[in-house]
Amino acid sequence: MDERPISADSHVIEGPGVFAGLADRFGDDAPRIVSEKGKGDTIFIPARGDAGVNVARMGLAATRLDRKEPIGRKHGHKPDTGTIEDPEIQAYFTGGYAAMRPGLVDGAKRGDDQDIDGLAIEILYPGYFSMFAYRNTDLLIAHQKNYNDWLFDHCAASNGRLHGLAALPVQDPEAAVAELDRVIAKGYKGVVIPSNAPKGTRYCDEIYDPIWARAAEAGIPVSVHVGCFSHIPNSVKEAAARDMIAVYAGTASLIHETLIEFMCRGVCQRHPTLQIVVAEFNAGWVGYWLDRVDQGWQREAAQNPSESTYEPAADIWKRQFYATIEDDQAAILTREMIGDDRLMWGSDYPHTDSTWPHSADVLNEMFANHPVDARNKITRDNVKALYNL
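Just so we're aligned: 82 in full-length UniProt numbering is position 82 of the sequence shown, and the numbers increase by one with no gaps anywhere.
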């Protein structure tokens, strides 16, 4: 048996095929890859008129070894990435796809990057989350279909070491169910939805029940990932005017409303076998937060017994929720409250927060003085069981 860790949260960098044909159908509203000398390869939407997203920026962690002096890691720290002004980083940005490590553009070569980090398998999330937030629903559906087809082929080339999560267009629940059926038939093992419901709705609204019912019936976990929005919350829009340390430290608050919609407003009660993955929000906060949910829910149920039926939040969490962590000592220390069979480690490669290529050191520090059984569950066994790997 392969005893190497499995990353439950890694990412792709979307290739040009993800955007193929969209401009022909949707004109200036559609994203496309623009290659420009001195600027690299950019995902650009003409109608927005902004600078677009440099594709190489999504793979910044992968530059740690591809430098004249490889970047290391200090004990207790995330690995460094260098600064945006660094000439080597600038050259990487302007080089586009051609400057990236081969494993970021070719699924068949991703195993080389996994071997450097000592990993067996990665679960892949998108890199370009904007495809979940288009106002044009037809464009959103078409783009996500493109993505799902491209991702399937990308992972198929990996000899079983990459498993992608399909995107679901929840803005159109009927289309989402149809796409769910389609990706299940292709062999997908999980799906991703925005971490907040489309504007003017909540995930506990009955219009979304067919999605949850089909996912539960098929045993397909549903993931909500940090930074993946159907629309940008006001707190994120205002982030530039706030203290950035506070913004970074408060990331988990962005998922709380969504979790309440699932836990306390009927979704988990109507679909008790539905499995939900809370990805890259870390989990050291979960034990405290569940206790606060209990107190608030108990109060509401006492005041409105005909409208609110209380169930211990920790029971729901341990039945239906998983959280992914990177280097979260607080989650390990509170694992009995959360459930150590409900935690999954992820490297976040190739994003800036990634532990690559020092994941072994990170895991050794994080699990020092903790049982080997807990480490095996969180770094390997739980993700294997959830996705039937």
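Cβ coordinates follow ideal geometry from the N, Cα and C atoms, glycine included. Note that the structure is predicted; figures quoted are calculated from it, not measured.
Helix, strand or coil: how does DSSP classify residue i here?
i           : result
residue 229 : coil
residue 410 : Because residue 410 is not part of the residues shown, which for the chain are 1 to 389, the question remains open.
residue 163 : strand
residue 11  : strand
residue 191 : strand
residue 84  : coil
residue 128 : coil
residue 258 : helix
residue 17  : helix
residue 100 : coil
residue 1   : coil
residue 154 : helix
residue 210 : helix
residue 306 : coil
residue 377 : helix
residue 202 : coil
DSSP beta-bridge partners for residue i?
i           : result
residue 36  : 40
residue 344 : 324
residue 278 : 224 and 323
residue 392 : Missing from the structure shown is residue 392; the chain here goes from 1 to 389 and no further.
residue 6   : 121
Using CA coordinates, which residue listed in the options is at the minimum distance from residue i?
i           : options               : result
residue 23  : 146, 374 and 220      : 146
residue 300 : 264, 96 and 324       : 264
residue 43  : 349, 131, 387 and 211 : 131
residue 338 : 18, 315 and 153       : 315
residue 347 : 336, 30, 340 and 362  : 362
residue 216 : 377, 181 and 70       : 181
residue 108 : 71, 151 and 197       : 151
residue 58  : 45, 84 and 274        : 84
residue 110 : 278, 133, 95 and 349  : 349
residue 386 : 341, 102 and 360      : 341
residue 177 : 149, 207, 231 and 153 : 207
residue 228 : 94, 211 and 255       : 255
residue 214 : 378, 318, 157 and 275 : 275
Does any heavy atom of the ligand COA sit closer than 7 Å to the C-beta of residue i?
i           : result
residue 251 : This structure lacks the ligand COA; in fact it carries no ligand of any kind.
Okay, do the stretch 180 to 187 and the stretch 236 to 255 touch, 3+ Cβ pairs below 8 Å being the bar?
Output reads no: the stretch 236 to 255 does not touch the stretch 180 to 187.
Would you call the stretch 348 to 362 in contact with the stretch 304 to 321, where contact means no fewer than 3 C-beta pairs closer than 8 Å?
The way I'd put it, the stretch 348 to 362 doesn't touch the stretch 304 to 321; fewer than three beta-carbon pairs between them come closer than 8 Å.
Segment contact, 8 Å Cβ cut-off, at least three pairs: the stretch 155 to 163 with the stretch 41 to 56:
When Cβ pairs closer than 8 Å are counted between the two stretches, the stretch 155 to 163 is seen not to touch the stretch 41 to 56, the count staying below three.
So, does the stretch 4 to 18 touch the stretch 113 to 123, judging by three or more C-beta pairs under 8 Å?
Short answer: they touch.
Is the number of C-beta pairs between the stretch 65 to 81 and the stretch 369 to 377 that are closer than 8 Å three or more?
Result no; under three Cβ-Cβ pairs closer than 8 Å.
Could you tell me whether the stretch 166 to 173 touches the stretch 265 to 276, where touching means 3 or more Cβ pairs closer than 8 Å?
Result no; under three Cβ-Cβ pairs closer than 8 Å.
Segment contact, 8 Å Cβ cut-off, at least three pairs: the stretch 215 to 228 with the stretch 192 to 201
Judged by Cβ distances under 8 Å, the stretch 215 to 228 makes contact with the stretch 192 to 201, as three or more pairs qualify.
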